[in-house]
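Visitor: In the working numbering, the protein residues as written are 1 to 356. Beta carbons are placed, not taken as given, at the ideal position from N, Cα and C, and that holds for glycine. Please read these numbers as outputs of a predicted model, since none were measured by experiment. Quick one: the structure is below, and I'll ask about it shortly.
Structure follows, in structure tokens:
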């Protein structure tokens, strides 16, 4: 009889323990997901952000777009990180030029076969004189980070070389330009411990090369920073991009964008803003949340009061099948300027975040 009672008691105890463990596990999982999953369709918050001290970076088409944002809004954007991206207005409005000279130039063709950074700098100065971009003189105190992978067969190193020439021609001194091109990386954003094998150029185009690219970009653009957080305190906010551009899908932009807000920034502390632009085939609709959760920006942002804005591009079957940012004119002729559909939409997001 005693044995039967004891057996029954132990059976109930195990059941209770399993139930308790399930409750604990479910609660822990729910808490963890709040840190990695965006809340649905929230309003983009207005935070205590200095809207005139912004930095921007991007990979591939995002790198080209980062340069466009830097030139167009140099009154407010103070530094740029370009990973496998070329100089401003490289493609003009010609897709063939974009796919050849501005991505895979042929040195055998001579000077006309590669981007000419000095000529493009002269064009940028002319556009600035016309008021299409902010004054070029704003750039001279800015920091520029450049990267080209040794194994990148999508955007060749001479294209990124031209980006360096372009910025130097506009008056940025060598000491303000950091150019990394000795890592055997394929076409992708580089991390210390996550992603594809370093030399590959495969989706999600995030490569494990034992190199903290996000940290190197932010340190070069912003100066000395605290070490990255080991765990995140903030949250990802999903917001509607149609608040900033009418019918976003028709203009190569997704309906939803994302922003990482550290807890300190949500609490009203002064924070800085960094815009992180994905490359082609890297939007949420292509690789889910991998770009905005695995590139490494958020860990640095969390410990240094930096809000990270992740705008999202959209695939268009004929004009933009790979979901790239517009750097060759598929939206309109103003794509590279302050009045560009995508450039102005992103800056409206910045205005909302900074309460302008």
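When DSSP labels each residue in this structure, what does residue 88 get in the three-state scheme?
Guide: It is coil, neither helix nor strand.
Visitor: Once DSSP output is grouped into helix, strand and coil, what is the label at residue 347?
Guide: Helix.
Visitor: Kindly list the residues whose CB is nearer than 7 Å to the CB of residue 102, restricted to its own chain and excluding five residues on each side of it in sequence; keep chain order.
Guide: Counting only Cβ-Cβ distances below 7 Å, and skipping sequence neighbours, we find 86, 90, 91, 115, 159.
Visitor: Taking only the alpha-carbon atoms, compute the straight-line gap between residue 74 and residue 50 and give it to the nearest angstrom.
Guide: Using only the alpha carbons, I get a separation of about 14 Å.
Visitor: Assign residue 303 to one of three DSSP states: helix, strand, or coil.
Guide: Three-state DSSP puts residue 303 in a helix.
Visitor: So, with DSSP's three-state summary, where would you put residue 210?
Guide: It is coil, neither helix nor strand.
Visitor: For residue 50, name the three-state secondary structure that DSSP assigns.
Guide: Residue state, collapsed to three classes: strand.
Visitor: What residue range does the beta strand (DSSP E) around residue 77 cover?
Guide: Counting along the chain, the beta strand (DSSP E) containing residue 77 begins and ends at 77 to 83.
Visitor: Run the CB neighbour count on residue 105, radius 10 Å, all protein chains shown included, and call it buried at 16 or more, exposed below.
Guide: Residue 105 should be labelled buried.
Visitor: If you run the structure through DSSP and keep just helix, strand and coil, what is residue 335?
Guide: Residue 335 falls in the coil class under three-state DSSP.
Visitor: Roughly how many angstroms separate the alpha carbons of residue 335 and residue 345, rounded to a whole number?
Guide: Going from the Cα of residue 335 to the Cα of residue 345 covers about 11 Å.
Visitor: Given this structure, state the Cα-to-Cα distance separating residue 21 from residue 232, to the nearest angstrom.
Guide: Residue placement at residue 21 cannot be trusted, given a pLDDT of 38 that sits under 50; what the coordinates show is reported in the next sentence. The straight-line gap from Cα to Cα measures roughly 24 Å.
Visitor: DSSP three-state call for residue 69: helix, strand or coil?
Guide: Helix, per DSSP.
Visitor: Buried or exposed: where does residue 397 fall if 16 or more other Cβ atoms within 10 Å of its Cβ makes it buried?
Guide: Nothing about residue 397 can be reported from this structure: the residues present for the chain run from 1 to 356 only.
Visitor: Could you work out which residue in 43, 44, 78 is closest to residue 272 when comparing CA atoms only?
Guide: Here the closest residue by C-alpha is 78.
Visitor: Can you determine whether any heavy atom of the ligand HEM sits closer than 7 Å to the C-beta of residue 62, and answer yes or no?
Guide: Of ligands this structure carries none, so the ligand HEM is not represented either.
Visitor: Could you check where the alpha helix (DSSP H) with residue 159 kicks off and where it finishes?
Guide: Counting along the chain, the alpha helix (DSSP H) containing residue 159 begins and ends at 157 to 169.
Visitor: Under 6 Å Cβ to Cβ from residue 270, same chain only, skipping five residues before and after it: list those, please.
Guide: Excluding sequence neighbours, residue 270 sits near 48.
Visitor: According to DSSP, is residue 25 part of a helix, a strand, or is it coil?
Guide: Low confidence applies here, because residue 25 scores a pLDDT of 38, under 50, leaving its location unreliable and the question unanswered by this model.
Visitor: Closest to residue 174 by C-alpha separation, out of 144, 197, 157, would be which residue?
Guide: Of 144, 197, 157, the residue nearest in Cα terms is 144.
Visitor: Secondary structure at residue 265, three-state DSSP: helix, strand or coil?
Guide: Looking at residue 265 - three-state DSSP - the assignment turns out to be helix.
Visitor: Determine contact between the segment 271 to 289 and the segment 243 to 258, defined as no fewer than three beta-carbon pairs at a distance below 8 Å.
Guide: Judged by Cβ distances under 8 Å, the segment 271 to 289 makes contact with the segment 243 to 258, as three or more pairs qualify.
Visitor: I'd like the span of the alpha helix (DSSP H) that includes residue 97, first residue to last.
Guide: Segment 95 to 99, the alpha helix (DSSP H) holding residue 97.
Visitor: On a Cα-Cα basis, can you pick out the residue from 136, 196, 329 that is closest to residue 96?
Guide: Residue 329 is the option with its Cα nearest to residue 96.
Visitor: Using the rule of at least 16 other Cβ atoms within 10 Å of the residue's Cβ for burial, across every protein chain shown, is residue 112 buried or exposed?
Guide: With fewer than 16 Cβ atoms within 10 Å of its Cβ, residue 112 is classed as exposed.
Visitor: Compute the distance between the beta-carbons of residue 244 and residue 43, then report whether it is under 8 Å.
Guide: Not a contact, by the Cβ cut-off of 8 Å.
Visitor: If you draw a straight line from the C-alpha of residue 241 to the C-alpha of residue 166, how long is it?
Guide: About 32 Å.
Visitor: Is residue 234 near residue 266, with beta carbons less than 8 Å apart?
Guide: Yes, the Cβ-Cβ distance between residue 234 and residue 266 is below 8 Å.
Visitor: What span of residues does the alpha helix (DSSP H) with residue 288 cover, start to end?
Guide: Segment: none, residue 288 is in no alpha helix (DSSP H) and carries neither H nor E.
Visitor: Looking only at its own chain, which residues have a Cβ that is under 7 Å from the Cβ of residue 157, when we skip the five neighbours before and after it?
Guide: So the list reads 148, 181, once near-sequence residues are dropped.
Visitor: Any idea which residues DSSP pairs residue 313 with across the strands?
Guide: Residue 313 pairs with 253.
Visitor: For residue 292, does the three-state DSSP call read helix, strand or coil?
Guide: Note: residue 292 maps to helix in three-state DSSP.
Visitor: Kindly list the residues whose CB is nearer than 6 Å to the CB of residue 188, restricted to its own chain and excluding five residues on each side of it in sequence; keep chain order.
Guide: If we look at residue 188 and ignore the five residues flanking it on each side, its Cβ neighbours are 205, 206, 207.
Visitor: What does DSSP give as the partner residue(s) for residue 143 in the beta ladder?
Guide: Looking at the DSSP assignment, residue 143 forms a beta bridge with 79.
Visitor: I'd like to check one pair, residue 99 with residue 278: are the Cβ atoms closer than 8 Å?
Guide: No; because the gap between Cβ atoms is not below 8 Å, this pair is not in contact.
Visitor: Am I right that residue 163 and residue 146 are in contact with their C-beta atoms under 8 Å? What's the rounded C-beta distance?
Guide: With 8 Å as the limit, residue 163 and residue 146 qualify as a contact, their Cβ atoms being about 6 Å apart.
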